[in-house]
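In the numbering used here, the protein residues as written are 14 to 483. Here is the structure we will look at, set down as structure tokens.
And the structure:
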């Protein structure tokens, strides 16, 4: 019973569950607002009505998602004071700076200009109105960067000094925090992933309508756009992921070793990448594996003869540096999360490549199962991003701030396990309800399809406010 009411365990579960739930909305918000801006730009430049329909249609889905993301994101900050007060006290001087920039600069930029976009259709010149949705897009991307910069400090602490008298880390160089090599590498990887998630939604919605011969003139170009975006964003995700991997090996070699369950330091052909491995329940001994020689060496060092440090050697190094303790993450979680991240993302891109082939030269798939695959594949990229974040955070353990503070030392000392359990149950119930509401709202909007063009224009042929349309 005492283990079940362990404040540390429950606080980690609560933060993990609420973070994953909030993250359901983040990639779609970032990617979909940019897609909406692209559709509106296409309408502004060509005047073709189906682009205006797509702007309003996916703009509505974006607004639903944005509102839910704001609601769930607020809870995240409460937990720093509720369950992680020692962490907040230790690192708040640094962690708070990028969070403040995100709230005061990026979020207010989004909130202000999203209002101008919603209500400015018949009040602002077309070019100025178009600029408002692009500014919302820029604000959402900036918001992501500041959050990633804060998280990057936890992965690779920079720009600080330890105030021994106060027992906390203090900011000395904000620019170093904002240009952390981990943040610079994680940012494009995350943004490309967001575009993959949005492309998956666009493909699925277009496929659903086209399979029923609805809105053909609008959904055909939407499908093509989504397929090309998925492939382009997938390529960008792979290339940026390679750079993030190099940064990870440099700053957190234990995470890469854990991702591969590599216990012995290996070089060249011995540093092989495991496609599939079966091991003992404790993850220590390998029973069977399928491996690609040299690949891990190349991914980690960009050299076929590079050396990749193993878990055992790193454990010995960390014990000498930081004192006695177990510095190994949970191997089976990091190993499989890393592979699910890659596998799910690659599968979604592969489906898009096949879809592009099936729709070449104006063709459309003529089998129901082909449409169903396009529709049901929608969450693959989102799931890939979620397990990617699980890998990122679990691979850092046992540190909450790498090399500076262990996770066990960051939990609030005065919080009981029962208190955390009550809030965990409450958050889960509320979030579960919100999930049902969110899904139904987006499903209803997506299945309804774009409104007739007459509902988007007044008698003079000018666009009317999106708030009036919906």
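Cβ coordinates follow ideal geometry from the N, Cα and C atoms, glycine included.
Item: With H, G and I counted as helix, E and B as strand and the rest as coil, what does DSSP make of residue 38?; Value: coil
Item: On the criterion of 16 or more Cβ atoms from any shown chain inside 10 Å, does residue 410 qualify as buried, or is it exposed?; Value: buried
Item: Residues in the same chain with beta-carbon distance under 7 Å from residue 234, minus the five sequence neighbours each way, listed in chain order, please.; Value: 63
Item: CA-CA distance, residue 65 and residue 444?; Value: 34 Å
Item: In the DSSP output, which residue or residues are listed as bridge partners for residue 139?; Value: In the DSSP output, where bridge partners are listed per residue, residue 139 has none listed.
Item: Starting from residue 406, trace the alpha helix (DSSP H) in both directions and tell me its first and last residue.; Value: 393-407
Item: Less than 9 Å between the beta carbons of residue 331 and residue 323, yes or no?; Value: no
Item: Closest to residue 144 by C-alpha separation, out of 170, 218, 47, would be which residue?; Value: 47
Item: Let me know the secondary structure DSSP gives residue 173 once reduced to three states.; Value: strand
Item: Please report how far the alpha carbon of residue 355 lies from the alpha carbon of residue 199, in whole angstroms.; Value: 15 Å
Item: Taking contact to mean 3 or more Cβ pairs, one atom from each stretch, closer than 8 Å, check whether the segment 222-233 and the segment 371-384 are in contact.; Value: yes
Item: Run the CB neighbour count on residue 67, radius 10 Å, all protein chains shown included, and call it buried at 16 or more, exposed below.; Value: buried
Item: Going straight from the alpha carbon of residue 43 to that of residue 114, what length do you get?; Value: 17 Å
Item: In the DSSP output, what is residue 230 paired with across the bridge?; Value: None, per the DSSP bridge assignment.
Item: What first and last residue would you give for the alpha helix (DSSP H) that runs through residue 123?; Value: 121-132
Item: If contacts are defined as beta-carbon pairs under 8 Å, then residue 218 and residue 193 qualify, I think. What distance do you get, rounded to the angstrom?; Value: The pair is not a contact, with the Cβ atoms about 37 Å apart (cut-off 8 Å).
Item: Does DSSP put residue 97 in a helix, a strand or coil?; Value: coil
Item: Can residue 278 and residue 325 be called in contact, C-beta distance under 9 Å?; Value: yes
Item: Looking only at C-alpha atoms, which of 269, 362, 304, 311 sits nearest to residue 404?; Value: 269
Item: From which residue to which residue does the alpha helix (DSSP H) around residue 424 run?; Value: Looking at the DSSP string, residue 424 is not in any alpha helix (DSSP H), and its letter there is neither H nor E.
Item: Could you please give me the residues that DSSP links to residue 321 through a beta bridge?; Value: 279
Item: Give the single residue among 344, 45, 209 whose Cα lies nearest to the Cα of residue 267.; Value: 344
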